[in-house]
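Right, one structure below, let's go through it.
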Amino acid sequence: MMLTACGSFGRPQSADTKESSIEKHPFEKLSSDELKDIVLFAIPPEKEKHLSGEQMEKCVKLLREVEVVKKVASEELVGQMIECRITKKDGSACKVQFLNPYIVIDGVWFKMKEDPQDSFSVFANSIIN
């Protein structure tokens, strides 16, 4: 499965793509110009926030830095979950959940390359809290 999130929002690119082929940077082509809305939701504290234009630009920058290591099976985890619901101007949508060190893109689980600063969580929590 070739994953190019938010370009096709996680759908396979073509039928002849090998199942093991995964886009390392699924959001690298995402642009804030094509976005209508981004909503951040976090548990805890069970709060959500619609992002301003400036916040959407920062969010896109952080999403573009996400590096997927491999596809994994879902797990029961304890800790904070940050969800990013992205809606594009063309009406397409994508749900991205961060459960460090995992990322779930439209229900498909992946292990991310570790970020020692946990940049997306720091960004999201600064907005949510």
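Numbering (the numbering used here), first residue to last: 1367 to 1495.
Cβ atoms here follow ideal geometry from the backbone N, Cα and C, with glycine treated the same way.
Query: Under 7 Å between C-beta atoms of Lys1455 and Lys1402; Result: yes
Query: Per-residue DSSP class, three states only, for Ala1439; Result: coil
Query: Nearest candidate by alpha-carbon position, reference Leu1443, set Arg1430, Val1470, Asp1484 and Ala1459; Result: Val1470
Query: Cβ pair count under 8 Å reaching 3, the region 1432 to 1439 against the region 1467 to 1483; Result: yes
Query: Inter-residue Cα distance where the pair is Phe1393 and Ala1408; Result: 20 Å
Query: Residue burial classification, Val1426 (beta-carbon count within 10 angstroms, cutoff 16); Result: buried
Query: Boundaries (first-last residue) of the beta strand (DSSP E) holding Glu1394; Result: Glu1394 -> no beta strand (DSSP E), and no H or E assigned at all.
Query: Straight-line gap, Ile1493 to Ile1452 (C-alpha atoms, nearest Å); Result: 16 Å
Query: Leu1465 vs Met1447 beta-carbon contact at 7 Å; Result: yes
Query: Through-space distance from Lys1390 to Thr1383, alpha-carbon basis; Result: In this prediction, Thr1383 has a pLDDT of 38, which is less than 50 and means its spatial position is unreliable; nothing more can be read from the coordinates.
Query: N-terminal and C-terminal residue of the beta strand (DSSP E) that Lys1413 is part of; Result: Lys1413 to His1416
Query: Simplified DSSP state of Lys1424, which is helix, strand or coil; Result: helix
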